[in-house]
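Student:
Numbering (the numbering used here), first residue to last: 22 to 209.
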């Protein structure tokens, strides 16, 4: 909706067969990268507050998908927050181009994601949020940053196969960032 700057997003979840191939997605994701303003619901399920900048709105995401998903050959331009996100799923992210992500371009959220991330191109063109600006809009339930630094590829765990990707342009957070979930770290 160009009148109030709302942006769309594509979300797959649950028992679904998710395949997105050769799509051109432009200006999707959260409304802004400003502080989250979620809609809140009362006990009866009716909204008590209508938010203007909902959390968990990423251009293209698989969230708790039970079947393998495939995101292949897509062009994602100027996504707010993440371009492509795998959150607790198994999938193939291959041959995509993400340009100008306000946050990290291709990411995982939980650390238990599996699958293949191969032959993707990420071009950084935007300045990410500085460490001093990271607040609730870029944190998980424990208050940890989840990829706000402007990395090309930002992963939470070690279970993915990642190969033959290209990162170019202004990427202040780096090309590949592995921010391992604390659940994978032991004293042994």
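Quick reminder that beta carbons are idealized off the backbone N, C-alpha and C, glycines included.
#1: Considering only the beta carbon of each residue, do residue 105 and residue 81 sit closer than 7 Å?
#2: According to DSSP, simplified to helix, strand and coil, what is residue 68?
#3: Is residue 134 helix, strand or coil by DSSP?
#4: Could you compute how far the alpha carbon of residue 177 sits from the alpha carbon of residue 37?
#5: DSSP three-state call for residue 157: helix, strand or coil?
#6: Keeping to the same chain, check which residues put their C-beta closer than 6 Å to that of residue 190; ignore five residues upstream and five downstream.
#7: Tell me residue 58's beta-bridge partners as DSSP assigns them.
#8: For residue 182, which of helix, strand or coil comes out of DSSP?
#9: I need the boundaries of the beta strand (DSSP E) containing residue 4, first residue and last residue.
Tutor: A quick look at the data gives this:
#1: yes
#2: strand
#3: Correct three-state label for residue 134: coil.
#4: If you take the alpha carbons of residue 177 and residue 37, they lie about 24 Å apart.
#5: A caution first: residue 157 carries a pLDDT of 47, below 50, which makes its placement in the model unreliable, though a value can still be read off. Three-state DSSP puts residue 157 in a helix.
#6: 144, 145 and 146
#7: 74
#8: Three-state result, residue 182: strand.
#9: With the chain represented from 22 up to 209, any question about residue 4 goes unanswered, as that position is not in the structure.
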